[in-house]
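The next block holds one structure in the form of structure tokens; read it before the comments.
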Amino acid sequence: ESEFQQVRGEREQYSQILGQLQQKLQEFEPQEPDWNRLEVEDPTEYARQWTSHQRRQQQRYAVQAEQERLNQVRQAELQKTMQQVMATEVARLKEKIPEWSSPEKAKTEGKALLEYGQNLGFSEQELNTITDSRALLALHKAWKYDQMMSKRPEFQAKIKKAPKMVTPGSAGSVSSKSSDINNAKKRLAQTGSVRDAASLFEKFI
2 ESEFQQVRGE
12 REQYSQILGQ
22 LQQKLQEFEP
32 QEPDWNRLEV
42 EDPTEYARQW
52 TSHQRRQQQR
62 YAVQAEQERL
72 NQVRQAELQK
82 TMQQVMATEV
92 ARLKEKIPEW
102 SSPEKAKTEG
112 KALLEYGQNL
122 GFSEQELNTI
132 TDSRALLALH
142 KAWKYDQMMS
152 KRPEFQAKIK
162 KAPKMVTPGS
172 AGSVSSKSSD
182 INNAKKRLAQ
192 TGSVRDAASL
202 FEKFI
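Note that the numbering used here has the sequence shown beginning at 2, numbered continuously upward.
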């Protein structure tokens, strides 16, 4: 890593030198004469100035070509770095959200997350440029929470409509079970937690 940073630093320094050289070449570039007229009036001077002009042009082209080469190297390094970052972040997401190990599941939920994020006010471009797994994980948790909360009234309505199973001689146990259910419902209403929801479901099993 330190060797890579050193090479990158030297390359940046080299790029700065090239920029300074290009600027100097432009500053010391003399005004071009009327080449056709000079060639007729003074062929010897024309040949001398034309040779110097061509040499300066070649120097400028060489500097420009080298700068373009460095830019291509930078772009290749940036792309490689981004690919490595993305691979690391995807692995972290799969670790935190195991179901995303399935490509189909990841694609389905990814599309849902995109729509959810847009509903929160993010643009599609902003969402597509998120590379930090922590941000995506936070968005995923918020999405899951909102899903749970949106189903909560429906869930409570089903609980209220659930039939009471009464068998002969079991009045005491039914009364106790009903009390447990009511208590569980109260806890769920207060906390809205998944754990309390699961606890309430267990009361009907």
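Where is the CB? At the ideal position from N, CA and C, for every residue including glycine.
Checklist entry - When burial is assigned at 16 or more other CB atoms within 10 Å of the CB, is V64 buried or exposed? => result It is buried - the Cβ of V64 has at least 16 other Cβ atoms within 10 Å.
Next on the checklist: Within the continuous alpha helix (DSSP H) that includes L39, where are the two ends?
Outcome noted: Here the alpha helix (DSSP H) through L39 covers 36 to 42.
Checklist entry - How would you label W36, buried or exposed, when you count the other beta carbons within 10 angstroms and need 16 or more for buried? => result Counting the other CB atoms within 10 Å of its CB gives W36 a total below 16, which places it among the exposed residues.
Next on the checklist: Could you compute how far the alpha carbon of E33 sits from the alpha carbon of E11?
Outcome noted: Distance between E33 and E11, taken at the CA atoms: about 36 Å.
Item to check | Three or more C-beta pairs below 8 Å linking the segment 107 to 118 and the segment 128 to 144 | outcome: Touching, yes.
Item to check | Simplified DSSP state of D147, which is helix, strand or coil | outcome: D147 falls in the helix class under three-state DSSP.
Checklist entry - Can you tell me whether DSSP reads E33 as helix, strand or coil? => result Coil.
Next on the checklist: Measuring straight from C-alpha to C-alpha, what distance separates S102 and V74?
Outcome noted: Approximately 34 Å between the Cα atoms of the pair.
Item to check | C-beta contact flag for R57 and L26 at 8 Å | outcome: In contact: R57 and L26 (Cβ atoms closer than 8 Å).
Checklist entry - Count the other CB atoms within 10 Å of the CB of G118; is the residue buried (16 or more) or exposed (fewer)? => result Under this definition G118 is a buried residue.
Next on the checklist: To the nearest angstrom, how far is the alpha carbon of A48 from that of R38?
Outcome noted: Each residue's Cα considered, the two are about 12 Å apart.
Checklist entry - Relative to the alpha-carbon of S134, which residue among N120, A88, E67, Q24 has its alpha-carbon at the smallest distance? => result Nearest of N120, A88, E67, Q24 to S134, Cα basis: A88.
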